[in-house]
Structures are given as structure tokens and as C-alpha cells.
Amino acid sequence: MSRTEDVTRPLLEVENLTVGLGEFDAVKAVSFHLQPGEILGIVGESGSGKSVTCRAAMGLLPGAARASGRVTLEGRDLLTLGEADWCAIRGRDIGMIFQNPASHLDPLRRIGKQIAAPMVRHLGIGRREGMRRAIQLLDDVGIREPEKRARSYPHEFSGGMKQRAMIAAAIGCGPKLLIADEPTTALDVTVQARILGLLKDLNRERGLAIILISHDLGVVADICSRVVVMRHGEVVEQGPIDDVINRPQHPYTRLLIDSQPSRKTYPGTKTEPEQAAPLLSVEKLSVSFPVRRDLIGGLASNGESFLALDGIDLQIAAGETVGIVGESGSGKSTLARAIIRQNRPSEGAIRLDGQDVHALGGDALTGFRRRVQMVFQNPYDSLNPRMTIAEAVAEPIWRHGLADRRTAQMQANELLEMVELPRALGDRMPRQLSGGQCQRVGLARALALKPQLLIADEITSALDVTTQAQILELLLRLQRERALTLLYISHDLSVVSGICQRVYVFKGGRIVENGSARQVLSAPQDPYTQELVRSLAQLGPVNPAPVFLPV
Amino acid sequence: MALLQLIARRLIQLAGVLLGISIVTFLLLHMAPGDPARLLAGDRASAETIAVIRSQYGLDLPLWRQFLTYLMNLFAGDIGQSLRFQRPVSQLIQQFMWPTLFLTVYVVCLAVPPTVALAIMSARKPGGTADQVIRLIGIAGLTIPVFWLGIMMSRLFGVSLGWFPVSGYGVGISEHLHHLFLPALSTAIWLVPVLTQSLRAALIEKTTADFVTAARAQGASEREIFWRTILPNAVLPTLNLLGVMVAFMIGGAIIVETIYAVPGLGTLMIGALLGRDYYVVQGLTLVFAMSTVLVTLAVDLLTAFIDPRVRL
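In order, the protein sequence lines correspond to chains A and B. Counting from 1, position 547 in the first sequence corresponds to residue 547 in this note's numbering; the numbering is continuous, with no gaps. Counting from 1, position 200 in the second sequence corresponds to residue 1200 in this note's numbering; the numbering is continuous, with no gaps.
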């Protein structure tokens, strides 16, 4: 086989692929192709059919699904294969990694064994040789002390390490194609950057072709040479990455690009608040949690505890929008919970208008609850599944005795209108709504008591990027209209810097940096902030990524 | 290493639990109605005789002194004297323990293989014909009372057909197996549906787990996925349930043992209760509690052996 043939013949060809799930076609006549050694991105919102497309190419569709069209791997038609042939291809010619590495590793088996299993299965090597190669692979994917780590169980790994282990298991047999289904969505942004770097290295060093599925155009732009944009099961646009991003043809692609937090500018947020006594001030706040205690351990190691927050100082002036950025475990949610009295401080104080929040009681406490409200990360979990959304919004109003139930119901309808939800949705249950709609309900409920301070804890991280942009716009409009003070918590520095005036960067329960948003983003001082800024998957002027040829 | 630490930790906890058990069994007997001294002395004894017996058995001492004596005796392996048999309770329990233990192991051996087979058949196609039939039969097995089933089976297989003896325990393993088959079967008929439903639910849940999809994506065959991934992950809840059931059977084999006249702990318990043989009741309570604790410990260790996350 000559080299030119190798380049011209695509590794994977998808032609007119249609996948029906029951009555409904999840994927409609999708066509694209992938050259050997290329990285192709597939972008779309949840429900756009991008995962279903790739699962069809892996033969991993649920039993009831019907796939028609053609999917060929090096000229071999995949959709007509029997189960035994599929088993020979999966893991051998095509590897796959998934969104949530924690749930995709078998909790009962050692990491090394799980990485060795596909090699033992496909390459006919012994267990001992499999283990030796597994350790080598762990080393290759950047896990320190691979011999020791191979004997660990998944629960002893961090999220990033689990994804590295998944990658090691997927590339062990030297597949030609790796399908990565949202591989970094569940990970912190700095870890995300490292995993993407690893994928890029594997592509360069091994000539591994990769299909990267993501809802995040920024991630795709970072490492892909070509991109396929999907919506409602159809391909709306495809082409080289810089063409698609700089000269988008389809309105939906333009919407996706404009929704990127780094591209988006929100009006009217950058006004400087007048200098006055801060509305909320947090003084030397520490929150500690007892480390797991059992009968014997509790007696032996008395009161060993974990410091979730360690001497935090922070002020928020009335009308200000303050952002808190940090990765999971940095203590940002603990702070939010401490402010609304869900976590008790072990030291320090939180003052609202000079009053210690944790010393409040009786009517003063009720008043405080009215003044400070919170919106939560998971829109479904934070709404009572057995209440209609209008009831959910009305509940705080009558519970606080601000109106009787009927008046509260009418006010709830107005609130729903205010968050741009159609009146007809008021009688729906949360599960009948989309995530974005539910989050609007959460906002309406939080605003029902006309609070002064609104705490938004990762309110958009469970949402698609276009929905995220809509929710942020709504939030900022409400803030302007109602003169809200906003504490916005997120792991996403670009969102925070887009809407906040001041930013605090959290790491390991401490503030490592704070300042105006522009200053933190453009001239980060702390090494951790610098890493955060670097790992932002930016949609800046794109350098066309070269197509890597197989070596 | 973590496994050894867990065992050590659990053994230390065990000491506390055993102390608690001894206190409870001691108090239980003292709170029970009836006066052992009067019982020993007989109905027509004079007040002096009863007083003599009281001081002879230490029943006139303060409660804590009695408890200390009781505890010291426990450590020496002495759990009292049967009033009825006039033999040490420990000897009695040793004698009656084996049939019950044999029966319990027999039931487990009879129940586990069909449980696994039926659960797999059900879970293969939830809501399918096999699943429905197995569930119906299971409900029937659950609802038929053990005593009725026992009587019917002993009449049919024991009396009419003469295949199995209807009472006793026999001598030697093969005779035990023969004698205890009907009692073991009537217990298993009730146990299998319970375990099957538990295992079926876990199997169905794990079939759609993400790590199963991942294993499939790595090219594992369906057979390999089932035996290496789904079953080990699904077996834990059922294992724990089985542990509870075994502990229950050691203490609760009363009905079956009575119907089939098996000379086991259940029979001993009934006799002791009806004859107000207090020290035997106390000793049996102690043995039942301890066997429950030990079975639970064994199940926990087995769970920790299968699931590394429990070892923390």
C-alpha cells in the first residue's frame, strides 16, 4: 500500500447514517469522514445526536435502536457486522473513552488489570505481559509511580487520573481510532487542559486518529483540525476548524460561537459601585469538617479535621457583582453554604450589614433569609419533583407570610414571566422542563423574596453553552433591574470574568488572588491563576492545526 | 493490608458488641416473669427452702454482683445448669447445635444455585415471559406458610411415597442429608424467591451501568462481561441479605425443626421456654445473638474482600 493511498482513503467514513430510537430519529442522514491521524471534532448541544452517532460507529447502540446508512472503517462496513466481529474490532481497532471516567471504571477491579484486560483479550498475550504493558501505558499517560498505581482501585484515583487510566485502557491495543465522548466535561478546567494535551501528544506520537465529541466549541477548537457541527440529529456545518469558527455559514454555528463565554460581552456590568461599607463581609472565615469517624477511630484520633476554608477574607459592596473561581474541592461552595448558614464556621465571622450572620435568631434570622437567597448548580435536584413550578416559586412567598396563598400564586406567575418562562409552563413538573427552564425557575424562586444578595453557585455548569449564555443574560438583566448584589461562583474563569467586576480565585480553601476581573484575567499574579488562565480553551484567532500524518 | 486492618478493627468492635449482648441476655432473664428459685423448689416448698435456694444460687445478691458472677462464668465457658435436664447448658447447646448448623448449611446449598440461575433468567429479559413466570412462582413460594408446606411435604414424600424420613436426624453425613432434605427444601422454597428478587434487581441495574458499556467498548464478549463485571458488582446486596437470612435461620428454625422433629436448637428452645428452663433460654439467646454477630462479621469480611471500597 502506497502512502498516497493511505492518505486519500479515509479511515472512517460515515454516509447517510440514520439512527432511530423508537418513533424518533436521533440521527438523520449524517455524513462525515475522518482521515488517518486526524483529529475531528463533533460539536453540538445535548440531544444533538453527537454521542449516538459515535455509538453507532462502535456498535454500542441500545437494543431498540435501528441504524441505517453506511459506516466503514478502512473500507469495511461496520453496520452489517455480527456481535463476534464487533468484539474483535471494539478495543482493538477503535478505542473509546467517556464523559464520566468515575462511573466507567469497574469499581471492583484493580486499575492495572482493567488496562491489561483488552490487551490480554485482543493480542493474545499472557496476564503477566499484560500487566507489564499496563504499567508502561500508565507511565505513558503521565501517571506517576505506575507500578504502585497499577495495584490501586478506581476509588483511589482522582478524576483526572481515572480519565488517564481510561485512555491507557483504550490505547493499549494500538487502535487506529479513538472516540472521545466529552472526555473532559466532568473534569476541572486545569485537568481538562492536561487531558487535552495528552490526547494531542498521543495523536502526534502514535498517529492516533481521534474523534472528539464535545458541547464546548472552545475545547474542540483547541485540538481539532476539522469540526462537524450537529443540531437536532443533523449536521448543520462541517469544515476545517478556522473556516468554521472565523467564517461560520450556518446561523446555529454563529450562535454557538457567540455563546462562548470568552466571546460574549455582557452590557452594563462594568460600572464601578460607589465605595461604601460592604454589604457582606467575610472575616478570617475557617470551616472545618471532621474526618470520617468510627467507633475506634473516633477514640484514637480525637477530632482530626479537614479545613475546607482556611482564613478567608472577602468583601462585597451593595450592587456589586463578585465572582469566585476555583476547582472542585477549593472551598467555593463551602463559602456559599456558610453564608446561608448551612455550614458553621469554626473560626471567623460572616457579617451582613455589620451583623454576624451566625449569631442571628428569631425574626432577625427570618429577615436575613429574605435578604440572602441562593440558586443551585443542579436545576432538577434543587426543585421539589412533586410540586408544579408555579407552586415552587410561590412557596417562599407564603411561607414568609408576605402574602396569602392565592396572592402568592399570582406573584409567582409574574415572577415566571419575569424570567421569560411562558405562563403555560406554570403547571408543569420540574422533570417536564429542560435544564435551562428549570434553572430559570430556580432564579424566580430565589427572587420571590426580593433578596438583596443573590448567591449563584455554578448555576450554568450543568447547561449547554447556548443555554448558559441565555441564563447569564437573564441574570444580569435581573441584577440591573432589581439592584441585586451578586455573588457568582463558578469553575469557569471565562464566565466569571465576563460578568463580574471583581474576582476571587480559590485554591485549597484559601484565596490565592483577587482583584478586578480584567486585571486577574490579563495579568494573573499567582502561579495557579496563571495556569487557570492558560488552560482556558479560548476561541481566539485560531491557528490552523496541521493534519498529522501517520508515521 | 487494608483488609487486615479492617479485620482487626472489626474484632475490637466485636468485643464491645459481645459485652452488650451479655448485659441484654442477663437482664432479659431478670425481667421475665416467674421466679426460678420457686420453680426449682417446687410448688409446695416453704419460704425457708426458697430462701436457701436463693442464697445457694446467689439470687439474693445485688443485681450488679449477679451480673459480675454471670460474666465471670461466661468467660469460664459456664453458662449455667439446665434446671430440667440437670446438665450444663453448654453441653446441651453443643449437642443440639449440630443439626441446626447442618440444616442451615444444607438450606444455603439448596438455595444459592437456583437463586443464581433464576435471577439470571429473569434479568436477561426483564418483563419477559421467563421473568413473569419466575416472579409468579416466587410469590407462590413466599406466600405458602412454611408450616403448611412442611406438613404437606412430610405427608406426601414421607408418609405416602415413603421417599424421605419424616423425623429425626440420623447418624452420619449421608443419613443427615437424607433426613434433613425435606426440612431444608421447605425452608429453601421460601428463601429462594427473596434472594432471587434481590439479585434480579441488582443484575438489571448493573446491566446498564457505565462500566459495562466501557467493557463492551473494549471488546469484551457478553459472556465475559456478565461473569467478570456484572455479576461481581451485583452480588453484594444479595450476599448481605443471605447473611441476615442465615442468622435468622440459626435462631428461627423453630417451625421447621418442630414439624420434622429435628433435634436442633429450635426444638431445644421450645422445650426450654415451655418448661421455664431459664438458664437454657439465656444460653440460647446468647448463642443466637453471637451467631448473628459472627455471620454478619463473616458477610462483612466477604463484602470487603469483593469490594475494595468497603475496606477503608
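The beta-carbon is built from N, C-alpha and C at its ideal position, and this holds for glycine as well.
DSSP state of residue i mapped onto helix, strand, coil
i         : result
A/Met96   : strand
B/Gly1172 : coil
B/Phe1147 : helix
B/Pro1099 : helix
B/Arg1065 : helix
A/Asn343  : coil
A/Asn413  : helix
A/Val419  : coil
B/Phe1211 : helix
B/Val1262 : coil
A/Ile42   : strand
A/Ala456  : strand
A/Leu61   : coil
B/Lys975  : Nothing can be reported for residue 975 of chain B: it is not among the residues displayed for chain B, which extend from 1001 to 1312.
Any C-beta of chain B under 9 angstroms from that of residue i
i        : result
A/Asp106 : yes
A/Ala84  : yes
A/Ser103 : yes
A/Arg121 : yes
A/Gly159 : no
A/Ile89  : yes
A/Pro290 : no
A/Phe368 : no
A/Gly174 : no
A/Gly69  : no
A/Asn413 : no
Beta carbon proximity, residue i to chain A, threshold 9 angstroms
i         : result
B/Thr1129 : no
B/Leu1209 : Checking the sequence, you will find Ala at residue 1209 of chain B rather than Leu. It does: the Cβ of B/Ala1209 has a partner Cβ on chain A nearer than 9 angstroms.
B/Gly1020 : no
B/Thr1229 : yes
B/Ser1221 : yes
B/Pro1308 : yes
B/Thr1213 : yes
B/Pro1126 : no
B/Pro1317 : Because chain B spans 1001 through 1312 in this model, residue 1317 of chain B falls outside it and cannot be assessed.
B/Glu1224 : yes
B/Gln1132 : no
Counted within 10 angstroms of its Cβ, other Cβ atoms place residue i as buried (16 or more) or exposed
i         : result
B/Ile1173 : exposed
A/Lys450  : exposed
B/Phe1075 : exposed
B/Ile1012 : exposed
A/Val235  : buried
A/Gly331  : buried
A/Phe289  : exposed
B/Pro1062 : exposed
A/Ser333  : buried
B/Ile1023 : exposed
A/Thr80   : exposed
A/Arg231  : buried
A/Leu472  : buried
A/Gly75   : exposed
A/Asn343  : buried
Expected contact under 8 angstroms - CB spacing of residue i and residue j to nearest Å
i         : j         : result
A/Ala56   : A/Val27   : 7 angstroms
A/Leu453  : A/Leu314  : At roughly 13 angstroms, the Cβ-Cβ gap does not stay under 8 angstroms, so A/Leu453 and A/Leu314 are not in contact.
A/Gly118  : A/Gly91   : Per the sequence shown, residue 118 of chain A should be read as Pro rather than Gly. Between A/Gly91 and A/Pro118 the Cβ distance is about 4 angstroms, and since that is below 8 angstroms, they are a contact.
A/Gly426  : A/Ile389  : 6 angstroms
B/Ile1204 : B/Ala1123 : 5 angstroms
A/Val372  : A/Gly442  : Their Cβ separation, rounded to whole angstroms, is 15 angstroms, which puts A/Val372 and A/Gly442 out of contact at 8 angstroms.
Heavy atom of the ligand GDP within 8 angstroms of residue i beta-carbon
i         : result
B/Val1116 : Annotation note on the ligand GDP: not contained in the displayed structure, which lists no ligands.
The stretch 101 to 113 of chain A / the stretch 144 to 160 of chain A touching (three or more Cβ pairs under 8 angstroms): yes
Can we say the stretch 129 to 143 of chain A touches the stretch 1248 to 1268 of chain B, given the rule of at least three CB pairs closer than 8 angstroms? no
Do the stretch 1195 to 1213 of chain B and the stretch 1274 to 1282 of chain B make contact, defined as three or more Cβ pairs closer than 8 angstroms? no
Touching or not, the stretch 368 to 375 of chain A and the stretch 403 to 419 of chain A, by the rule of three or more beta carbon pairs under 8 angstroms? no
Between the stretch 186 to 202 of chain A and the stretch 480 to 493 of chain A, are three or more C-beta pairs nearer than 8 angstroms? yes
Are at least three pairs of beta-carbons, each pair with one atom in the stretch 321 to 334 of chain A and one in the stretch 348 to 368 of chain A, less than 8 angstroms apart? no
Would you call the stretch 162 to 179 of chain A and the stretch 464 to 481 of chain A in contact, with 3 or more CB pairs under 8 angstroms? no
If we count Cβ pairs, one from each stretch, closer than 8 angstroms, do we get three or more for the stretch 1234 to 1243 of chain B versus the stretch 1294 to 1302 of chain B? yes
Using a Cβ distance threshold of 8 angstroms, determine whether the stretch 1280 to 1290 of chain B contacts the stretch 1088 to 1102 of chain B, with at least three qualifying pairs required. yes
Could you tell me whether the stretch 195 to 215 of chain A touches the stretch 28 to 48 of chain A, where touching means 3 or more Cβ pairs closer than 8 angstroms? yes
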